[in-house]
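In what follows, a single structure is set out as structure tokens and then discussed.
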């Protein structure tokens, strides 16, 4: 194995000759996460339910879950995934289930206010307040 071979460098840097992700795949995941962040910003700026459909929310959730697999130590990605899935459930009028996801989002990313906003929206629809 020569010092210039890809196998040599993979083994040296990762301890494995099997690459976990290619650069192109990582770039694709980052772009999907950027689009998902844009979807959240769009939703928050309009301030009304129904501006984003359940399918788009689920796609955004999957993008954040993929980022969580890429960077497992960043709870932020898992929190965003729960937030988006919670909104998908709101669009399907499954408010009880969405409350649980927004609470999980709040637990994972306590400083991110939209999690609490989601809890409020779901509880308002349920007419259930602490």
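In this note's numbering, the protein residues as written are 10 to 139.
All C-beta atoms, glycine included, are put in the ideal place defined by N, C-alpha and C.
None of these values were measured; they are calculated from a predicted model.
Tell whether a beta-carbon distance below 8 Å holds between residue i and residue j.
i: residue 88; j: residue 118; result: yes
i: residue 86; j: residue 77; result: yes
i: residue 90; j: residue 60; result: no
i: residue 99; j: residue 131; result: yes
i: residue 93; j: residue 45; result: yes
i: residue 115; j: residue 128; result: yes
i: residue 41; j: residue 72; result: yes
DSSP three-state label for residue i, please.
i: residue 59; result: coil
i: residue 43; result: helix
i: residue 103; result: coil
i: residue 50; result: helix
i: residue 80; result: coil
i: residue 136; result: coil
Report buried or exposed for residue i, applying the criterion of at least 16 other Cβ atoms within 10 angstroms of its Cβ.
i: residue 64; result: exposed
i: residue 81; result: exposed
i: residue 47; result: exposed
i: residue 27; result: Its pLDDT being 45, under 50, residue 27 is placed unreliably in this model, and the coordinates cannot settle the point.
i: residue 108; result: buried
i: residue 53; result: exposed
i: residue 10; result: The pLDDT assigned to residue 10 is 47, lower than 50, so where the model puts this residue is not dependable; a value taken from the coordinates is nonetheless given after this. With fewer than 16 Cβ atoms within 10 Å of its Cβ, residue 10 is classed as exposed.
i: residue 135; result: exposed
Got a sec, what are the start and stop residues for the alpha helix (DSSP H) residue i sits in?
i: residue 120; result: Counting along the chain, residue 120 falls outside any alpha helix (DSSP H), and DSSP gives it neither H nor E.
i: residue 85; result: 84-100
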